[in-house]
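Engineer: According to the UniProt record's numbering, the sequence shown is numbered sequentially starting from 1.
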Amino acid sequence: MLGQLRHETVIDVPANVAWQLFGSLELGRIVGEQLPNIFKKVELVEGDGGEGTILNLILASGLGTSSYKEKFTKIDNENRIKETEIVEGGFLDMGFTLYRIRFKIIENGEDKCIVETTIEYEIMEESAANASLVTLQPLIEVVQLANNYLLHNKNPK
């Protein structure tokens, strides 16, 4: 069974500024520090932020799983697209065979941009009921955090 969820959020910084954060490891660092209701810790397992980078995300209790590893599978600087896939734990332990997250930064005037967030997944038929666990809410919180961070830190790392 295939599924997809998508959400768009307008944020108050230019697309190139947003991409500096979304296209880097810095996003994981601030998420690990500032969203304790979702993430206890975000650890770099390997890589430098480019394709092939692997992060270990340790989740807050009560989220259905304790941790998962995700791999950066696509970093497209020209089109400002970053894709990650869960490669261990998390949704893969619940019958999913694919769980992909995509952030796409779209220009929307000089001082604003749109962050298009997409979750794509495949799940085995016998686990189809678990598809109801897929939600964009944590990613919406990540985008809101990124917007606030960028507004208060004019020169992201």
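Beta carbons: idealized from backbone N, C-alpha and C, even for Gly.
1) Among 8, 41 and 1, which residue has its Cα nearest to the Cα of residue 112?
2) Report the option in 71, 20, 141 and 142 whose CA atom is closest to the CA atom of residue 44.
3) To which residues does DSSP link residue 41 through a beta bridge?
4) Which of the three DSSP states is assigned to residue 80 in this structure?
5) Measuring alpha carbon to alpha carbon, tell me which of 116, 66 and 46 ends up nearest residue 80.
6) Three or more C-beta pairs closer than 8 Å, one from the segment 145-153 and one from the segment 118-135: is that the case here?
7) Would you report the Cα separation of residue 25 and residue 75, rounded to the nearest angstrom?
8) Can you say whether residue 41 is buried or exposed, counting buried as having 16 or more other CB atoms within 10 angstroms of its CB?
9) Taking residue 144 as the reference, which of 3, 2 and 22 has the closest Cα?
10) Taking just the CA atoms, how far does residue 30 sit from residue 137?
11) What is the DSSP secondary structure of residue 136, counted as helix, strand or coil?
12) Within 10 angstroms of the Cβ of residue 78, are there 16 or more other Cβ atoms? Answer buried if so, exposed if not.
Structural biologist: For this structure:
1) By one-based count along the sequence shown, residue 112 stands at place 112. Of the candidates 8, 41 and 1, the one whose C-alpha sits nearest the C-alpha of residue 112 is 8.
2) On the sequence shown, residue 44 is found 44 positions in, with the first residue counted as 1. Looking at the Cα atoms, 71 is the closest of the given residues.
3) Translated into the one-based positions of the sequence shown, residue 41 becomes position 41. In the DSSP output, where bridge partners are listed per residue, residue 41 has 58.
4) Looking up residue 80 in the sequence shown gives position 80. In this structure, residue 80 counts as coil in the three-state DSSP scheme.
5) Position 80 of the sequence shown, counting from 1, holds the residue named residue 80. If we check each option's Cα against that of residue 80, 116 comes out closest.
6) no
7) Taking the sequence shown and counting its residues from 1, the one referred to as residue 25 is at position 25. Taking the sequence shown and counting its residues from 1, the one referred to as residue 75 is at position 75. Going from the Cα of residue 25 to the Cα of residue 75 covers about 12 Å.
8) Here the question's residue 41 lines up with position 41 in the sequence shown. Residue 41 is exposed by the Cβ-count criterion.
9) What you label residue 144 is simply residue 144 of the sequence shown in a count that begins at 1. With distances taken between Cα atoms, residue 144 lies closest to 22.
10) What you label residue 137 is simply residue 137 of the sequence shown in a count that begins at 1. What you label residue 30 is simply residue 30 of the sequence shown in a count that begins at 1. Each residue's alpha carbon lies about 17 Å from the other.
11) Position 136 of the sequence shown holds residue 136. Note: residue 136 maps to coil in three-state DSSP.
12) Here residue 78 refers to the residue found at position 78 when the sequence shown is read from its first residue. Under this definition residue 78 is an exposed residue.
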